[in-house]
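Just below is one structure, and these are the notes that go with it.
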Amino acid sequence: MSAAAILTKTLSDSRRGLIGWSVGTALVGMVYASTYPSQRENVDSIPEALRQSLNVDGTAAGYLQASVFGIIVPLLAMIYGVTMGARAIAGDEESGQLDLLLAHPITRTQLVLQRFGALVAGALGISALVWLAVLAVRGSAELTSVSPLQFLAQCFNLALLAITFGALAVGVGAAVGRRAVALVVVAIVGVLSYTASTFATQIGADWIAHLSPFHYYIGGEPLRNGFQWGDAAVLVIASAIFVAAGLARFNRRDINS
Amino acid sequence: MENVIELRDLTKTYGTRRGLTGLTLDVVQGEVFGFLGPNGAGKSTTIRLLLDLIRPTAGRATVLGLDPRGDGVQLRRRVGYLAGDFVCDGRQNVRAYLRFLAELRGGVPQTRIDALADRLGLDQSTKIKKLSKGNRQKVGLVQAFMHTPELLILDEPSSGLDPLVQQAFLDMVTEAAAGGQTVFMSSHIMSEVEAVADRVGIIRDGSLVALDTVANLRTGAICDVEITFEASVPVSAFEGLPGVGRLHLDEAGTRLTGQISGPPDAFIKALAHFSVTGLRATEPALDEVFHAYYDGAEAAPRTDSTTLA
Chain A
40 MSAAAILTKT
50 LSDSRRGLIG
60 WSVGTALVGM
70 VYASTYPSQR
80 ENVDSIPEAL
90 RQSLNVDGTA
100 AGYLQASVFG
110 IIVPLLAMIY
120 GVTMGARAIA
130 GDEESGQLDL
140 LLAHPITRTQ
150 LVLQRFGALV
160 AGALGISALV
170 WLAVLAVRGS
180 AELTSVSPLQ
190 FLAQCFNLAL
200 LAITFGALAV
210 GVGAAVGRRA
220 VALVVVAIVG
230 VLSYTASTFA
240 TQIGADWIAH
250 LSPFHYYIGG
260 EPLRNGFQWG
270 DAAVLVIASA
280 IFVAAGLARF
290 NRRDINS
Chain B
169 MENVIELRDL
179 TKTYGTRRGL
189 TGLTLDVVQG
199 EVFGFLGPNG
209 AGKSTTIRLL
219 LDLIRPTAGR
229 ATVLGLDPRG
239 DGVQLRRRVG
249 YLAGDFVCDG
259 RQNVRAYLRF
269 LAELRGGVPQ
279 TRIDALADRL
289 GLDQSTKIKK
299 LSKGNRQKVG
309 LVQAFMHTPE
319 LLILDEPSSG
329 LDPLVQQAFL
339 DMVTEAAAGG
349 QTVFMSSHIM
359 SEVEAVADRV
369 GIIRDGSLVA
379 LDTVANLRTG
389 AICDVEITFE
399 ASVPVSAFEG
409 LPGVGRLHLD
419 EAGTRLTGQI
429 SGPPDAFIKA
439 LAHFSVTGLR
449 ATEPALDEVF
459 HAYYDGAEAA
469 PRTDSTTLA
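Chains A and B supply the protein sequences, listed in that same order. Letter 77 of the first sequence, counting from 1, is numbered 116 in our numbering, and no numbers are missing. Letter 91 of the second sequence, counting from 1, is numbered 259 in our numbering, and no numbers are missing.
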């Protein structure tokens, strides 16, 4: 088999969705980021407790962490990862197309890795576009206190976050072969981890936050501190574990007809 | 001759349902083997076991001397497969799609793909999504044949094809066998198997109930008879004779129809007591042979088990 036929085909099949989603995510990020000058004054009116839990302060980094990179953009990026991840194996299995691919001289491992590879490429693409979009408004929106490299660090973590949840969806989908199951599991995990990272401090259980991918995505405040290689490594390792665990089951089970 | 497929006590259970119960079967190199059975009998289960899409509960399958599980990649390189419900999807046209599948096999000459597509009347510029059922089946056939595999495994290959294309397909099978390729095809349509198969195996409820050449299956089986008499005869003169069944005498009592299996000797001797004006015996189509195996089944094939197919 030529090295990456399935990876290329997966990307090419999903290119319209990927392009649309990337542009949309980048636009949303850009619009939100450019409201910084008008929103800066409002920060003072937010109650202290909420301000703390949302990590908001009047600085550009604080604002972006709470709004653009706090909720909307990571949510959109994660939706991409999860959709692609659930489709990777479970989607094709339900439609019956897996029989055809696996009747070719490829291993199940190759199939999973190439599908996951396409997801990784897509997530990096979305993040790159988001980076370019916020750079475009960096001057006009008075965000110059955050350097382009710090923006890149945050966008890199954005890709890793999407990849982590995507990997979970790939893993669950490969293990059980049902797209709906993969989507539900990842949605529950997503909500729990978001809640954990946001409210852990308030309920006095900081350790819970360390179980959440969100903590490794934004807890190190890349917009202030630049690349957080330790956090990134945690997300990479978690992704690898999710995919490997799903693959272990996938290699042993029957393909549903 | 070398066995291309060897099944030994191959068993597959799905939870409490039985898919296959100890199937033992050899398919030799260069033959066209017809694998007959109704939906749910275990045909697709057998085929998916050969390709390692599912794993046996017990027993063993060897394909081209290889283990489907351990040597899967090497095995599938040498096999062409058409699934029972062949599906393909994508925004590209047929040409690009077939090129993608060819790429998974390390490349197939475009001229070979074009020749097969032309032969089946498949327009390669159509978008995959817009294909009709019949045309999608043609894509399935092209991808199974295009790399000239040593073994073709075809599950219900002519479903959805119009008679003309079906003939083209049967010619392709015959040519493949002539060129030394082995063909294992399942079907519940007797006529297509009858036309090309050297041997036929009939599967029912997960196990083999008959295995023979097409010619032998016919001779060992029932033959329809119709006899006309000069004068009215009593039906009792023929009832209870060995191998005679389904007797029916018309109202005038001069025309007798029925079926004979095995040697017709006793029947002929009974006929000799009367004045016979006409006798016609017809060799059954494989169809009837097939149905004979199922009519005798204590339990009819379960309709709820179609998912096993």
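Glycine included, C-beta positions come from ideal geometry on N, C-alpha and C. Just so you know, these numbers come straight off a predicted model, no measurement behind them.
Original post:
According to the Cβ coordinates, are Val172(B) and Gln197(B) closer than 8 Å?
Top reply: Yes, the Cβ-Cβ distance between Val172(B) and Gln197(B) is below 8 Å.
**OP:** Kindly indicate which three-state DSSP category Phe253(A) falls into: helix, strand or coil?
**Re:** helix
Subject >> Extent of the continuous beta strand (DSSP E) run through Ala162(B) >> reply: Outside the shown range of chain B (169 to 477) lies residue 162(B), about which nothing can therefore be said.
Original post:
Whose C-beta lies closer than 7 Å to the C-beta of Thr474(B) among residues of the same chain, with five residues either side of it excluded?
Top reply: Because the pLDDT of Thr474(B) is 36, which lies under 50, any placement of that residue in the model is unreliable, and the number read from its coordinates should be weighed accordingly. Here the set comprises Asn207, Gly208.
Original post:
Beta-carbon of Ile58(A) versus every beta-carbon of chain B: anything under 8 Å?
Top reply: Judged by the 8 Å Cβ criterion, Ile58(A) is not in contact with chain B.
**OP:** Please name the residue, chosen from Thr184(B), Arg186(B), Thr214(B), that lies closest to Arg176(B) on a Cα-to-Cα basis.
**Re:** Thr214(B)
Subject >> When Arg154(A), Leu50(A), Val228(A), Val70(A) are compared against Ser179(A), the one with the closest alpha-carbon >> reply: Val70(A)
Original post:
By how many angstroms is the C-alpha of Tyr102(A) removed from the C-alpha of Glu87(A)?
Top reply: One C-alpha to the other measures close to 15 Å.
Original post:
Taking a cut of 7 Å between CB atoms, which residues from the region 272-293 of chain B lie near chain A?
Top reply: Leu272, Arg273, Gly274
**OP:** Return the residue from the list Asn290(A), Ser296(A), Ile118(A), Asn295(A) that minimises the CA-CA distance to Thr146(A).
**Re:** Asn290(A)
Subject >> Residues bridged to Ile321(B) [DSSP beta-bridge criterion] >> reply: Tyr249(B), Phe352(B)
Subject >> From Phe195(A), Ala214(A), Ala221(A), Gly212(A), residue whose alpha carbon lies closest to that of Gln267(A) >> reply: Phe195(A)
Original post:
Using 8 Å as the Cβ pair cut-off and three pairs as the minimum, do the region 273-283 of chain A and the region 242-258 of chain A touch?
Top reply: yes
**OP:** Could you check what DSSP says for Val121(A) in three-state terms: helix, strand or coil?
**Re:** helix
Subject >> For Thr179(B) and Asp392(B), the rounded distance between their alpha carbons >> reply: 37 Å
**OP:** Check distances from the C-beta atoms of the region 212-236 of chain B to those of chain A and list, in chain order, the residues that come in under 9 Å.
**Re:** Ser212, Thr213, Arg216, Leu219, Asp220, Leu221, Ile222, Arg223
Original post:
Span of the alpha helix (DSSP H) holding Arg287(B)?
Top reply: 278-288
Subject >> Rounded separation between Ala477(B) and Leu188(B) - CA only >> reply: Only weak support is given to the placement of Ala477(B): the predicted model assigns it a pLDDT of 37, under 50, and the value that follows is read from those uncertain coordinates. Near 11 Å, if we compare the C-alpha coordinates of Leu188(B) and Ala477(B).
Original post:
Counting along the chain, where does the alpha helix (DSSP H) carrying Arg55(A) start and finish?
Top reply: Boundaries of the alpha helix (DSSP H) harbouring Arg55(A): 54-73, taken from the DSSP string.
Subject >> Proximity test, Cβ basis, 8 Å: Gln193(A) and chain B >> reply: no
Subject >> Candidates Val185(A), Gly109(A), Gly164(A), Ile242(A), of which the one nearest Arg263(A) by Cα >> reply: Val185(A)
Subject >> Touching by the beta-carbon criterion (3+ pairs, under 8 Å), the region 236-255 of chain B and the region 400-417 of chain B >> reply: Flag = no, the region 236-255 of chain B and the region 400-417 of chain B do not touch.
Original post:
Can you tell me the Cα-Cα spacing of Glu271(B) and Val159(A), whole angstroms?
Top reply: 22 Å
**OP:** For Asp380(B), decide whether its Cβ has a neighbour in chain A, counting only Cβ atoms nearer than 8 Å.
**Re:** no
Subject >> DSSP-derived helix/strand/coil call for Ile85(A) >> reply: Secondary structure of Ile85(A) (DSSP, three-state): coil.
Original post:
If we ignore side chains and look at the alpha-carbon of each, how far apart do Val221(B) and Val223(A) end up?
Top reply: Residue identity differs from the one stated: residue 221(B) is Leu in this sequence, not Val. Using only the alpha carbons, I get a separation of about 26 Å.
**OP:** Verify the CB distance criterion: does Arg423(B) have a CB-CB separation below 8 Å to chain A?
**Re:** no
Original post:
Under 8 Å, do Arg304(B) and Cys256(B) count as touching if we go by C-beta distance?
Top reply: yes
**OP:** Take the Cβ of Arg414(B) as the centre, count every other Cβ of all protein chains shown within 10 Å, and call the residue buried at 16 or more, exposed below.
**Re:** exposed
Original post:
Hey, Ser400(B) and Gly421(B) are a contact pair by Cβ (cut 8 Å); roughly how many whole angstroms apart?
Top reply: Your pair Ser400(B) and Gly421(B) checks out as a contact, with CB atoms roughly 3 Å apart and the cut at 8 Å.
Subject >> Within chain A, partners of Phe352(B) - CB distance below 8 Å >> reply: None at all; the shortest Cβ gap to chain A is about 14 Å.
**OP:** Could you tell me the distance, in whole angstroms, from the CA atom of Val67(A) to the CA atom of Gly258(B)?
**Re:** 29 Å
**OP:** For my contact list, Ser323(B) and Lys211(B) are in at a C-beta cut-off of 8 Å; report their separation, rounded to the angstrom.
**Re:** For the record, residue 323(B) in the displayed sequence is Asp; it is not Ser. Indeed, because the Cβ distance is near 7 Å, the residues count as touching under 8 Å.
Original post:
Are Ala285(B) and Gln292(B) closer than 8 Å when you measure CB to CB?
Top reply: yes
Original post:
Got a sec, what are the start and stop residues for the alpha helix (DSSP H) Thr342(B) sits in?
Top reply: 331-346
**OP:** Whole angstroms is fine: what's the gap from Gly369(B)'s alpha carbon to Leu219(B)'s?
**Re:** 19 Å
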